[in-house]
Amino acid sequence: MLRPNNPEIDFELLNRRIQESLDAYIDEGSAANAFDPDGAMADSEDEQTVPVQACEEHAPVDPATKPPVLAYDDCEFVREAYKQLLGREPDPEGLEHYAALLREGGEKTQLLERLWHSEEARLFRENSPHQANLGTDLNKYRSKQKLFQLPLVGPILRVLNGSLTLHKYKLFLNARLNHSFRLHQEQRQELNQRFNDLQQHVHQQQSHLEHLQAHLHDTQQKLIRLERKHQTLLGRLKTDQSDLLQREKIRDEAVQQLRLRLTALESRPVAASAATVDDAGTSAPVAATATDSSSINEAFYAAFEEHFRGDRKTILERMQYYLPLLERCEPLKSGGKLVDIGCGRGDWLDLLASQGYPLLGIDFNHHNVEACVERGHEAIATDGIEWLRQQPDNSIAAISCFHVIEHLPFEVLSRLLDESLRVLRPGGLFFAETPNPENLVTGITHFYTDPTHLHPLPPAFSEFLLQYKGFGDVELHRLNPIPEEFALIEHGEVDRRCNQYFYGPQDYAVVGIKP
Amino acid sequence: MSISIHQFAPATAMGDGVTGGLFYTREMLRKLGYRSEIYAGTVPPGLSDEIHLSPYLDVTDCQLLLVHHSMGHEFEQWLYDLDCPKVLMYHNITPEHYFLEDSPEHFFASIGREQLRAWPHRFVGAVGMSPYNSRELKQAGFSPVATLPLLVDPRRFDGASVAPVDSERRGEGLLLLSIGRLVENKRQHLLVDALWHLRQMNPELNATLCLVGESSSARYDAALRAHVQRLGLEPHVWFTGKCSDAQLRWLFEQADTLWCASEHEGFCMPLVEAGFYGVPVVAFDSSNIADTLGASGLLLDDANPSQMAAATAMLNQDLDLHQQLVRSGTDNLQRFLPLTLQPQLQNFLLSLGLWVHEDAAS
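Line by line, the protein sequences are chains A and B.
According to this note's numbering, the first sequence is numbered sequentially starting from 4.
According to this note's numbering, the second sequence is numbered sequentially starting from 42.
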């Protein structure tokens, strides 16, 4: 019962109440359903065998309370007669023979007489006189038989005896019939009960089977779905692989061409290369980029951007992510200017127009700048870094670069950051969005859709670079994951990792504040 | 330079009680001003930022190593070779007879106790996670021994709760919760029997038993499910499998009573957690159950399912008793929180001669 473990509770009272409730409770069936630690379902067939043999063994009976031999019936009678007259158990043949006689209507006393007169019975009586006890029933029978055999009187006595015992026999037969009927009813009830139990068991097994079949069906469906997904992924991987091989081939060819061009440039007269040196006397890396990019026709690139940029509504929705960042930028709130380097066709400027910030878009591409101007924005076609170089210190509130830095060689990127840090006001914001190579499909496929992309920039590198250059509060924002409906349903670590590497954020932004 | 007290565990796993205890202890050590890291023989991918692999342990920067012991392992020689003082953090080991012979669990449980007996002279002290564990440590010959249940990280209670996938099985009636792996020594079959009795005694309560935990014994799992089926309790016994912290929060919020029939528990964290959620406990007394439960639940002397059913029915019909146990559960929780344990841990470390300056601690 309950062990007292809390001084504020009257456990004596609680235990009394529990005991009362247990006393009122009748436990029906828990013992029959005890836990079986070794198996699923017990084999109930073994437990339900019905004893149907007519002549089964019985437990020994106490001699003091033993009834007279004629009180037994059927096989028990034969056994008892054998024991008393022959001193042994009946052999199977004897048992069968005498039981058959009784079942054909033979009288017990006749059977006893036959045994009595057998040689074996005589020897048994001689050897064990105290065991050869027939009981008073047989003696009475034998006396009667002797009287019935007397001449003349015998038949009269037989008729008289018959008349006198007729009523007694009738009562006896009635009692036996009733007894047999009751036994029959009881057995029938028991059989019915067992039959019902069996039916219930069969029903349970059927339900269990149906449950298992449903489970099997579900599992098969899951396997089929998994197999489909597996095939789809395999197909995608094969496509990506062949894409990659194709791109490698194109890149090799491009490298080869670049080498040839480099050789050609190197072989030019010195005076020609001196023309690319700017007024300050430093070689402008921007010029190098311009040279590379200039190999791509401006009109082509504008068309290319138009084809691959995606739908404008989606782009604007994605760009809204940055608005809270701008709201925290004090120099911008106090009227400073935001400069968008690589402004493209002015989507970001469109979004900011309603916010009231002074804006300027800068882009190399004349077609893009014209589009921005047509939309009512201030925009100029020039090299962003050169433009920054010409601005005074602490003069700009915020600088944004959407998908620009992946076009720049390291030296140019480094200069962009140096100049940005110089021209930003204290507290001014710099951020750059670029494809995220942590998403492997982006890193190895989509990134190379743009022929002017150089190489992907891992987030950790960009973060480090801004910190190294002196920006404060540097943060990474991973953005635009593949929508969940395209991802795998996660059942385990493999799915989780596949989702991370193939369906994770496609872009990220690195953000820094001028201290 | 501050003192370094690091921790070692042979294996770590996401959501594992011992691993949770490692983090809890680390936070407490750091609050006390010690530098503290966790090292382990195996580290799951999701924890590689938090836990270092054992070969990276720099013994020259380790004034004390807390060695967690909850199962036998093969790092014994590596530990011997580490030239730094060590304290054994004992979580208890499930006796090997609960596992199948020739199984890895049987083997490691067996050598775990052999290691315990062989190690006292190699450790400068020991910490039992419960009085039951401390008694075993003292019998093995460890000294000094402190009882510090550094397991119940209150951060586990933070965060949203999430319903398990098949939460419609919760039903409308009384929800009885059991948390622990499905294994012989947890004796969930007695809970199934108790549910059967409770449904016979008080059908109006319409009780459902929710068994939370994955199986670590296929034989027991099959026998348990067959037992449920034989008793016709399939609609009323809900096997959830292993649940996340968020799902456990949901189940605790839904539960009316926590049941525990376990035959062997080194600590049994759910008994304490139930106190946070205001869920009273009914449990059979065994191993460390009485110590962990304190005054916060009904404790039955005998593993008798019908008594458990009667006690549960009474508890859920007697509002005063219910409220008394909920109050006791909240009080019980205090014993395991940092406010209580942090000074005790500090005293133990001071007794070993390790202290930090107040400025480092701040």
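No residue lacks a Cβ here, since even glycine has one placed at the ideal position from N, Cα and C.
These numbers come from a predicted model, not from an experiment.
Check                                                                                                                                  : Outcome
Sequence-distant residues of the same chain with beta carbon closer than 6 Å to ASP396 (chain A), five excluded per side               : ARG425
Short CB-CB distance (under 8 Å) between ASP46 (chain A) and chain B                                                                   : Below a pLDDT of 50, predicted positions are generally treated as unreliable, and ASP46 (chain A), at 42, falls in that range; the measurement from the model is reported next regardless. Chain B, which has no Cβ nearer than 8 Å to the Cβ of ASP46 (chain A), makes this no.
Reference LEU226 (chain A), options A:MET322, A:ILE408 and A:HIS494, closest by Cα                                                     : A:HIS494
Range of the contiguous alpha helix (DSSP H) that encloses ILE388 (chain A)                                                            : 387-392
Below-8 Å beta-carbon distance, ILE21 (chain A) vs any chain B residue                                                                 : yes
8 Å Cβ cutoff, ASN36 (chain A) in contact with chain B                                                                                 : yes
Rounded separation between GLN180 (chain B) and PRO321 (chain B) - CA only                                                             : 33 Å
Contact under 8 Å by Cβ, ASN439 (chain A) with PRO486 (chain A)                                                                        : no
Bridge partner(s) assigned by DSSP for PRO438 (chain A)                                                                                : A:ASP510
Stretch-stretch touch, CB-based, cutoff 8 Å, three pairs: the segment 218-226 of chain B with the segment 249-257 of chain B           : yes
Contact set between LEU272 (chain B) and chain A, taken where Cβ atoms lie within less than 7 Å                                        : ASN36
The segment 89-96 of chain B / the segment 127-136 of chain B touching (three or more Cβ pairs under 8 Å)                              : no
Option in A:GLU422, A:THR445 and A:GLU110 with minimal Cα separation from VAL342 (chain A)                                             : A:GLU422
8 Å Cβ cutoff, TYR506 (chain A) in contact with chain B                                                                                : no
Interface partners of MET355 (chain B) on chain A, CB under 9 Å                                                                        : LEU17, ARG20, ILE21 and SER24
LYS111 (chain A) to LEU73 (chain A) span [Cα, whole Å]                                                                                 : 7 Å
Closer than 8 Å to chain B by CB, PRO461 (chain A)                                                                                     : no
Status (buried if at least 16 other CB within 10 Å, exposed otherwise) for ASN133 (chain B)                                            : buried
SER337 (chain A) CB to nearest heavy atom of the ligand SAH below 7 Å                                                                  : What this structure holds is no ligand at all, so the ligand SAH is not there to describe.
Same chain only: Cβ atoms within 6 Å of TRP390 (chain A), ignoring 5 sequence neighbours per side                                      : ILE365
Backbone CA spacing between PRO519 (chain A) and ASN442 (chain A) [nearest angstrom]                                                   : This structure cannot settle anything about residue 519 (chain A), because the visible part of chain A is limited to 4 through 518.
is_contact[LEU5 (chain A), chain B] using C-beta, thresh 8 Å                                                                           : yes
Residue burial classification, LEU319 (chain A) (beta-carbon count within 10 angstroms, cutoff 16)                                     : exposed
Neighbour flag for TYR28 (chain A) against chain B, beta carbons, 8 Å                                                                  : yes
From A:ALA435, A:TYR101 and A:THR452, residue whose alpha carbon lies closest to that of HIS310 (chain A)                              : A:THR452
Beta-carbon contacts of GLN393 (chain A) that lie in its chain and below 7 Å, excluding the five residues immediately before and after : none
Against chain A: residues of the segment 230-242 of chain B by CB proximity under 9 Å                                                  : HIS230, LEU231, VAL233, ASP234, TRP237, HIS238, GLN241 and MET242
Chain-ordered neighbours of ILE532 (chain A) on chain B, where CB pairs are closer than 8 Å                                            : It is not possible to answer for residue 532 (chain A), since the shown part of chain A is limited to 4 through 518.
Cα-Cα separation, HIS187 (chain A) to ASN181 (chain A)                                                                                 : 10 Å
Chain-order list of residues whose beta-carbon lies under 6 Å from that of LYS227 (chain B) (same chain, five-residue window excluded) : GLY221 and SER303
Between the CA atoms of THR242 (chain A) and PHE405 (chain A) - distance to the nearest angstrom                                       : 29 Å
Of the residues B:ASP332, B:ARG211, B:GLY62 and B:ARG67, the one placed nearest SER45 (chain B), counting alpha carbons only           : B:ARG67
Minimum length 4: unbroken alpha helix (DSSP H) runs contained in the segment 309-396 of chain B                                       : 310-317, 330-334, 346-358, 360-375 and 379-392
8 Å Cβ cutoff met for ALA400 (chain A) and LEU335 (chain A)                                                                            : yes
Where GLN365 (chain B) meets chain A, residues with beta-carbon distance less than 8 Å                                                 : ASN9, GLU11 and ILE12
Segment contact, 8 Å Cβ cut-off, at least three pairs: the segment 359-375 of chain B with the segment 316-330 of chain B              : yes
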